[in-house]
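Trainee: Take this structure first; my questions come after.
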Amino acid sequence: QQVSLIKSIPSRYFTQIEGIVMRSVQNGRDLGQLTTDLQDQFGITKRRAAFIARDQNNKATASMNRARQDEIGVTEAIWVHSGGGKHPRPTHLKAGREKTRYDIKEGWLDPALGRHIFPGEEPNCRCVSKSIIPGF
Numbered sequence: 282q283q284v285s286l287i288k289s290i291p292s293r294y295f296t297q298i299e300g301i302v303m304r305s306v307q308n309g310r311d312l313g314q315l316t317t318d319l320q321d322q323f324g325i326t327k328r329r330a331a332f333i334a335r336d337q338n339n340k341a342t343a344s345m346n347r348a349r350q351d352e353i354g355v356t357e358a359i360w361v362h363s364g365g366g367k368h369p370r371p372t373h374l375k376a377g378r379e380k381t382r383y384d385i386k387e388g389w390l391d392p393a394l395g396r397h398i399f400p401g402e403e404p405n406c407r408c409v410s411k412s413i414i415p416g417f
């Protein structure tokens with residue numbers, strides 16, 4: 282789903298990109314190799330390839346973490362702002378500061394977007410989640 286959001290590469294290549302990204306995640310998130318592969322196969326700049334590599338890896342990792350949380354019965358999580366980036370999203374910063382809880386199946390309602398999202402889902406978002414385990 283997230284690959285389809287890439288605007289700089291024609292949609293006919295999305296299946297290829299998805300495969301390249303998944304291999305990168307399976308190989309331990311080798312962003313350097315993924316960047317090179319994207320440059321070589323699609324003729325995009327190193328800067329754009331590096332952004333896509335980082336962004337798609339973060340999204341895949343966040344998705345796998347949500348699946349793991351669900352698998353072990355975690356239903357709620359706390360939004361954790363990464364503290365990174367030059368231009369943090371004010372709503373993400375606030376959610377992290379306030380330790381905002383959200384349902385891991387639904388996501389957090391980002392007031393700036395007016396829809397539910399998950400940590401790491403938006404471009405350049407490096408936020409993560411902290412599982413809430415009842416009794417701890």
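At position 16 of the sequence shown the residue is numbered 297 (my numbering), and the sequence of numbers has no breaks.
Virtual Cβ for every residue (Gly too), placed ideally from N, Cα, C.
Taking a contact to mean a Cβ-Cβ separation below 8 Å, would you say Ile301 touches Leu315 in this structure?
Mentor: On the sequence shown, residue 301 is found 20 positions in, with the first residue counted as 1. On the sequence shown, residue 315 is found 34 positions in, with the first residue counted as 1. The answer is yes: Cβ separation under 8 Å.
Trainee: Apart from the five residues on each side of it in sequence, which residues of its chain come closer than 7 Å, Cβ to Cβ, to Arg280?
Mentor: Shown here, the chain extends from 282 to 417; a query on residue 280 therefore has no answer.
Trainee: With a CB to CB cut of under 6 Å and the five nearest residues on each side skipped, what residues in its chain are close to Gln282?
Mentor: To locate residue 282, count along the sequence shown from 1; it is residue 1. Because Gln282 sits at a pLDDT of 45, beneath the cut-off of 50, its placement in the model cannot be relied upon, and the following sentence gives the value as read from the coordinates. Excluding residues within five positions, none has a Cβ falling inside 6 Å.
Trainee: Whether or not the stretch 336-352 and the stretch 375-382 are in contact is what I'm after, with contact meaning three or more pairs of Cβ atoms, one per stretch, closer than 8 Å; do they touch?
Mentor: No, because fewer than three Cβ pairs between the stretch 375-382 and the stretch 336-352 fall closer than 8 Å, the two stretches do not touch.
Trainee: My parser needs the alpha helix (DSSP H) runs of 4 or more residues fully inside the stretch 300-357; what are they?
Mentor: Those alpha helix (DSSP H) runs which fall completely within the stretch 300-357 and span 4+ residues are 312-323, 327-352.
Trainee: Using the Cα positions of Asn339 and Pro415, report the straight-line distance between them to the nearest angstrom.
Mentor: If you number the sequence shown from 1, residue 339 lands on position 58. If you number the sequence shown from 1, residue 415 lands on position 134. Approximately 27 Å, taken between the alpha carbons.
Trainee: Near Pro392, what residues of its chain come up, given a Cβ to Cβ distance below 6 Å and the 5 sequence neighbours on each side ignored?
Mentor: In the sequence shown, counting from the first residue as 1, residue 392 sits at position 111. If we look at Pro392 and ignore the five residues flanking it on each side, its Cβ neighbours are Thr372.
Trainee: Mind checking His368: buried by the 16 CB within 10 Å criterion, or exposed?
Mentor: On the sequence shown, position 87 is the one that residue 368 refers to. The residue is exposed, with fewer than 16 neighbouring Cβ atoms inside 10 Å.
Trainee: Are there 16 or more other CB atoms within 10 angstroms of the CB of Ile353, so buried, or fewer, so exposed?
Mentor: The residue labelled residue 353 in the question sits at position 72 within the sequence shown. Flag for Ile353 reads exposed.
Trainee: What is the DSSP secondary structure of Gly388, counted as helix, strand or coil?
Mentor: In the sequence shown, counting from the first residue as 1, residue 388 sits at position 107. In the structure shown, Gly388 sits in a strand (DSSP, three-state: E or B).
Trainee: Mind checking who Arg370 pairs with in its DSSP beta bridge?
Mentor: Position 89 of the sequence shown, counted from the start, is the residue given in the question as residue 370. DSSP output for Arg370 lists no bridge partner at all.
Trainee: Where does Asp318 land, buried or exposed, given buried means 16+ other C-beta within 10 angstroms?
Mentor: Within the sequence shown, the letter at position 37 stands for residue 318. Buried: at least 16 other Cβ atoms inside 10 Å.
Trainee: Suppose you measure from the CA of Ile413 to the CA of Ser363; what does that come to, to the nearest Å?
Mentor: On the sequence shown, position 132 is the one that residue 413 refers to. On the sequence shown, position 82 is the one that residue 363 refers to. Each residue's alpha carbon lies about 18 Å from the other.
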